[in-house]
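Here the structure comes first, spelled out in structure tokens, and everything after it is commentary.
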Amino acid sequence: MTKEELFTQIKKKQSYLCVGLDTDIQKIPAHLRNTEDPVFEFNRRIIDATADLCVAYKPNIAFYEALGPKGWVSLEKTLNYIPEDIFTIADAKRGDIGNTSELYARAFFENLNFDSITVAPYMGEDSVKPFLLKTGKWVILLALTSNPGSADFQLLQTDDGTADYSRCLFENVLATSKAWASDEQLMYVVGATRPDFIQRVREIVPDHFLLVPGVGAQGGSLAEISRLGMNQHCGLLVNSSRNIIYAASGPDFAEQARSAALLVQQEMADYLNQYLG
Ligand SMILES: O=c1ccn([C@@H]2O[C@H](COP(=O)(O)O)[C@@H](O)[C@H]2O)c(=O)[nH]1
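First residue of the sequence shown? That's 26 in my numbering, and the numbers climb one at a time after it.
This is how it looks when you write it as structure tokens:
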């Protein structure tokens, strides 16, 4: 999916919601546990209930890997079930020496046909490039993550002498990596729990899409991130996982997930109207 196509979907659905498919076998409603593939059955019902309200789905790969081979089967079935016009994100946080990254890229872009993958920047350009060589696919590079520990390294002050102020490490990640590919192929993860830094992100990457986790269960504010982070193409994919998919645990879980997603979508429609007109 191109950037333009993604923006078209955002305008059509009046939504920049990414539903996180963090499907935990322990949290699946009891009545689904006896089905042949409870994880896929749960995801299928969530997708049916939310597909018209979101523009992306983000399965977090850990939840599937943890189940062994059958987890990968559930993941593949889920991916194949997602409608064509919805952007798919493998939240895998990969990245290794070049030849190993090439195999990760094949796993997620060829074996599984994801549109994008989250990649850790720590090992540098040669660890990210193999993902970028896949035509039509996106890399979503971790920049400023939503967890408290992001302060340990990402907020370390650096001084390369080129900025008016001492940059944090995450700002160097943005400034350096934006030369590796265009904003048609590269996005960044920026946590909603860090709204105080979003202006600094936008100074360095004004046109890129940002994948923003951390609203809902982690306490980030959709209002703040939308006000500070939106650009002329919206430029935001805001993820919510637990608050949507586990809105309820009974037989009506999918309807409740839809209600939770609808609340977020309606708020997003207001912000799109307010900031993009
Ligand atoms: O900085 C990051 C990067 C990734 N995540 C992932 O997003 C979802 C958030 O789930 P919620 O239930 O909405 O909190 C989850 O898959 C994380 O691994 C993140 O939270 N922060």
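Glycine is no exception: its CB is placed at the ideal position from the N, C-alpha and C atoms. This structure is a prediction, so every number in the text was calculated from the model and none was measured.
Local conformation of residue i per DSSP, three classes
i	result
Phe32	helix
Asp116	strand
Thr24	One cannot answer for residue 24 here, as it falls past the ends of the chain, which runs 26 to 302.
Tyr41	coil
Tyr213	strand
Asn136	helix
Thr201	helix
Leu261	strand
Leu158	coil
Val240	strand
Pro276	coil
Asn298	helix
Gly245	strand
Tyr82	strand
Ile122	coil
Arg192	strand
Thr143	strand
Ala87	helix
beta-carbon residue i near ligand 1 non-hydrogen atom, thresh 8 Å
i	result
Pro108	no
Leu167	yes
Val80	no
Lys52	no
Gly149	no
Arg267	yes
Ala176	no
Pro155	no
Lys83	yes
Asp62	no
Asn172	yes
Ala130	no
Asp47	yes
Ala242	yes
Pro238	yes
Cβ-Cβ distance between residue i and residue j below 9 Å
i	j	result
Cys259	Leu297	yes
Ser142	Ala176	In the sequence on display, residue 142 carries Ile and not Ser. No, they are not a contact pair.
Pro146	Glu127	no
Ala242	Ser266	yes
Arg227	Leu253	yes
Met148	Asp110	no
Phe88	Met26	no
Ser152	Gly245	no
Leu104	Asn138	yes
Nearest-angstrom Cβ-Cβ length linking residue i and residue j, presumed shorter than 8 Å
i	j	result
Tyr213	Ala168	4 Å
Leu71	Ala282	According to the sequence shown, residue 71 is Ile rather than Leu. Between Ala282 and Ile71 the Cβ distance is about 5 Å, and since that is below 8 Å, they are a contact.
Pro238	Asn256	19 Å between Cβ atoms; not a contact.
Leu42	Ala286	6 Å
Lys28	Val80	Rounded, the Cβ-Cβ distance is 12 Å, inconsistent with contact.
Leu92	Ile50	7 Å
Val164	Leu157	6 Å
Ile229	Leu199	4 Å
Arg69	Tyr106	6 Å
Gly45	Lys83	5 Å
Status (buried if at least 16 other CB within 10 Å, exposed otherwise) for residue i
i	result
Ser251	buried
Asp47	buried
Glu66	buried
Asn197	buried
Asn124	exposed
Asp140	buried
Leu31	buried
Gln290	buried
Any chain B beta carbon closer than 9 Å to residue i
i	result
Val230	Looking at the structure shown, chain B is missing, and only one protein chain is on hand.
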